[in-house]
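Take 2 as the starting number for the sequence shown in my numbering and just add one per residue. Just below is one structure, and these are the notes that go with it.
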Amino acid sequence: MLKQRIVRYVLGLMLTLVFVASSHWLPVSFIDALENQAYDFRLRLTLPDQIDKKVVIIDIDEKSLAEIGQWPWERNVLAKIVDNLFDYYHVKTLGFDIVFSEIDEDPSDQYLAELASSPLKDNAAFQAVYNKAYPGLHRDEQFGRALANRKTIMGMVFYDQEATLQKGELPPALPQFSQEIINNFSFNKAIGFTANLPVLQSNAYSGGFFDNPQLDDDGVFRRVPLLQTYNGQLYESLALATTRAYLDNNSIKIGYSVLDEAQGINSLEWIYVGELAVPVDERAGVLVPYVGYQRSFDYIPATDILNRRLPADALAGKAALFGTSAAGLLDLRTTPLEKAYPGVEVHANIIQGILDQTIMHQPEYIIGFEIILLLLLGLTLTFLLPALSPLWSSVSVAIATTLVLAINFYAWSALQMVLPVAAPVLLVILLYVLNMTLGFFIESRGKRHLAHLFGQYVPPELVDEMASNLNEINLDGEIRNMSVLFTDVRGFTTISENMEPKELTRFINAFLTPLTRIIHTNRGTIDKYMGDAIMAFWGAPLPDPLHARHALNAAMEMIAELDKLRDDFKKEGWPEIRIGVGVNSGAMNVGNKGSEFRVDYTVLGDAVNLGSRLESLTKQYGVDIIVGPDTHHQVPEFEYRELDLVRVKGKDKPVTIYEPIGLVETVDKSVRTQIKKFHHALQLYRTQKWDDAEQEIFQLHQTEPDRKIYKIYLDRIAFFRQNPPDKNWDGAFTQTSK
């Protein structure tokens, strides 16, 4: 017994020392990733209920692109937008989350200039007209005049790798910081830039960078620098420059702690903008104080500003940012809140956070706190857990974990301070697991037998759960309410004909493996592989009350996973693939089926057959996923587009089929509006009001010409006008093939 305890003591101390070393001297990427996830969770958990919005976003959105034209717009249009913002709407500042590094060339301007300087040089009448029209001809100069004498801040980009790229005119550097002061800190150093045309930057109030050299390893925008150096001078970010302009305050100072006075090594901790203190890290990075998911700030379409569609006092006194939320303009960022978050709103959050003083602080001495906490937890549990029973060990670990979380949450909420949480909690858990593992013998024979039976059907992580619920497992066959999923690669026959057998095998494995992993992650059971196709089900061998939700989650994640595989496939020279997914729920017969030579654990029934039919319909309706009515009913938290009322081959009763869009709270309001309009059009269609239905569907088709479902219904309406259905027609469409 003593020997076993000594082994536990030694292993516990070694584990503790590993965590202490990883806190500062030997960082572990896995722990850093967990810490990032913990930070993201706390951020999402403590989002403010409401804010006093001081920032507004002038949006190059789809509506503006449709009305004004594709980007980039002519500079005289931008000039008018700037004029309207300041003269009509009276914004206080305007920052551009865009770089204007290229000349807006108009061939007609050049032609008139050539006429004025050569053939018509001595023509007084022409010269008079030309001189009068000159100010309105050169669009860049018009834009520059609009920027002048107003608090306009131009955006720019620094580079830390492309040394030869130096384009445009830099904004003025911060004059109050000498080379000696700059060298005492660890600012991000740029070696190249793309800035604005001189005629624009020279007329603007200021400028600031919007690149982020402090992007985390997982590509998430958690921290953004407020200062960078270039060529020995210090430059501010777009957010900081806009904030200073908004505050009418050019004062900027830095606060720091001295790490080595003899060598002049300091650690930056604060940036002071007037009376406002902004906590930063040693590289002047600030933790972005996200106030909510995208569109937490007011987005105003640029076309509405151009055409003065808002009340004149709607934006008075605001700090405006000019940027884009349009997906096609590629200014979307991954943040702790969302994977596709407009970059311009990141700047808005920083400005709002500086003004409201809500930016979180992570000072240098946090490292010392983490080391002390890890030693305290590690030493205490290392010597305590071996002496406790499993029950009291669990209680002790729960208390330690709760204490760490409580201290962390208090520091976050009351002190606006970010304390480490992942490493301390992980250390507690690993010490607990270590002691429990060393306290038990090998698995029971029954558990090994169960793993042997079901290893081919279910993910390994469910084996333990099954061993604890043997009474719920029935191999002989029973009727259960379950969900089934079918996938199939579109155009696989053509793909396979162009590949050698070995290459085809690698290709199939490359996409079946991640798709299978998704099914396992969502507690699914693989029924079988059918070449390139997969059949899986949920709700057996273990009951799953959320089988429909898990199946639908898996379907959505599969589509997303294929997008991630696109680059890998391209490198291999493989074609991009698309799959159709059918998901259906209902009563199914599940159990071992087969012969005395081979047995498979599988599902049968009408609900299973319908799931297969739904998969085959995805290509016809131009969608990735189709779900049946029972799945739709059991997962109400998703937004759906009703596609059709269909009568599949071999069945008399029609069923309603749906396309899942996403969780309701993540679906954009404009998308929900389009879906609502389409559902209303379906009602008109099924009551044979052809003209009204056609009008509404045609309008939808105009906004989304690539959505196949609209074309389907327009064709059907045209057909039914010539071939009217019976008066008692139920609105269903009869499928003639499987």
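C-beta: ideal position from N, C-alpha, C; glycine also.
| Asked | Found |
| --- | --- |
| My output table needs one value for Asp625: the three-state DSSP class, helix, strand or coil. | coil |
| Which residue from Asp645, Glu237 and Asp314 puts its Cα closest to that of His91? | Asp314 |
| Considering Gln700, what are the terminal residues of the alpha helix (DSSP H) in which it resides? | Trp691 to Thr704 |
| Whether or not the stretch 547-566 and the stretch 578-589 are in contact is what I'm after, with contact meaning three or more pairs of Cβ atoms, one per stretch, closer than 8 Å; do they touch? | yes |
| Applying the criterion that 16 or more other CB atoms from any shown protein chain within 10 Å of the CB defines a buried residue, is Met15 buried or exposed? | exposed |
| Following the continuous beta strand (DSSP E) through Asn251, name the residue where it begins and the one where it ends. | Asn251 -> no beta strand (DSSP E), and no H or E assigned at all. |
| Check for me: the beta strand (DSSP E) holding Ile154 runs from which residue to which? | Thr153 to Tyr160 |
| In angstroms with no decimal places, state the Cα-to-Cα distance between Lys55 and Val419. | 25 Å |
| What residues match up with Gln234 in a beta bridge as DSSP calls it? | Tyr231 |
| Gln229: buried (16+ other C-beta within 10 angstroms of its C-beta) or exposed? | buried |
| Rounded to whole angstroms, what's the CA-CA distance from Glu504 to Leu46? Just pull it up for me. | 47 Å |
| Could you check if Arg310 is buried or exposed, using at least 16 other CB atoms within 10 Å of its CB as the buried criterion? | exposed |
| Are the CB atoms of Ala321 and Leu513 nearer to each other than 7 Å? | no |
| Do Asn590 and Leu611 have their beta-carbon atoms positioned less than 7 Å apart in this structure? | no |
| In the DSSP output, which residue or residues are listed as bridge partners for Trp539? | Ser484 |
| Put Phe442 into one of helix, strand or coil per three-state DSSP. | At Phe442, the pLDDT of 44 sits below 50, so the modelled position is not reliable; the number obtained from the coordinates is stated separately. If DSSP states are grouped into helix, strand and coil, Phe442 belongs with coil. |
| For chain D, find out if any of its Cβ atoms is closer than 7 Å to the Cβ of Lys529; answer yes or no. | Of the protein chains in this structure there is only one, and it is not chain D. |
| With H, G and I counted as helix, E and B as strand and the rest as coil, what does DSSP make of Asn740? | The displayed coordinates of the chain run from 2 to 739. Any statement about residue 740 would go beyond what the structure contains. |
| Name the two residues that bound the continuous alpha helix (DSSP H) containing Tyr322. | First, the residue type needs correcting, since residue 322 is Leu and not Tyr in the sequence shown. That residue, Leu322, is in no alpha helix (DSSP H); its beta strand (DSSP E) goes Ala320 to Gly324. |
| Thinking just about the alpha-carbon of each residue, which of Pro214, Pro199 and Thr522 is nearest to the one in Asp161? | Pro214 |
| Using a Cβ-Cβ cut-off of 6 Å (strictly less than) and excluding sequence neighbours within five positions of Ala205, which residues of its own chain qualify? | Leu148, Thr153 and Met155 |
| Are at least three pairs of beta-carbons, each pair with one atom in the stretch 385-394 and one in the stretch 402-420, less than 8 Å apart? | no |
| Whole angstroms are fine: how far does the CA of Ile580 sit from the CA of Ala341? | 23 Å |
| Quick one: which unbroken beta strand (DSSP E) runs of 3-plus residues sit fully inside the stretch 158-199? Chain order, please. | 189-191 and 193-195 |
| Contact check, Val656 vs Pro630 under 8 Å by CB: the rounded distance? | 6 Å |
| Tell me whether Ile301 is buried or exposed, calling it buried when 16 or more other Cβ atoms sit within 10 Å of its Cβ. | buried |
| Quick one: give me the first and last residue of the beta strand (DSSP E) that Phe493 is part of. | Looking at the DSSP string, Phe493 is not in any beta strand (DSSP E); the run it does join, the alpha helix (DSSP H), is Phe493 to Glu498. |
| With respect to the beta strand (DSSP E) encompassing Ile527, which residues constitute its N-terminal and C-terminal limits? | Thr526 to Met531 |
| By how many angstroms is the C-alpha of Glu36 removed from the C-alpha of Val1? | Given a span of 2 to 739 for the chain in the structure shown, any question on residue 1 remains unanswerable. |
| Could you have a look at Lys712 and say whether DSSP puts it in helix, strand or coil? | helix |
| Return the CA-CA distance between Leu66 and Ser252, expressed in angstroms with no decimal places. | 39 Å |
| Within 10 angstroms of the Cβ of Ala317, are there 16 or more other Cβ atoms? Answer buried if so, exposed if not. | exposed |
| Around the C-beta of Thr632, are 16 or more other C-beta atoms found within 10 angstroms, so that it is buried, or is it exposed? | buried |
| Would you report the Cα separation of Leu307 and Thr522, rounded to the nearest angstrom? | 50 Å |
| In angstroms with no decimal places, state the Cα-to-Cα distance between Ser297 and Asp84. | 26 Å |
| Can you tell me whether Trp26 is helix, strand or coil according to DSSP? | coil |
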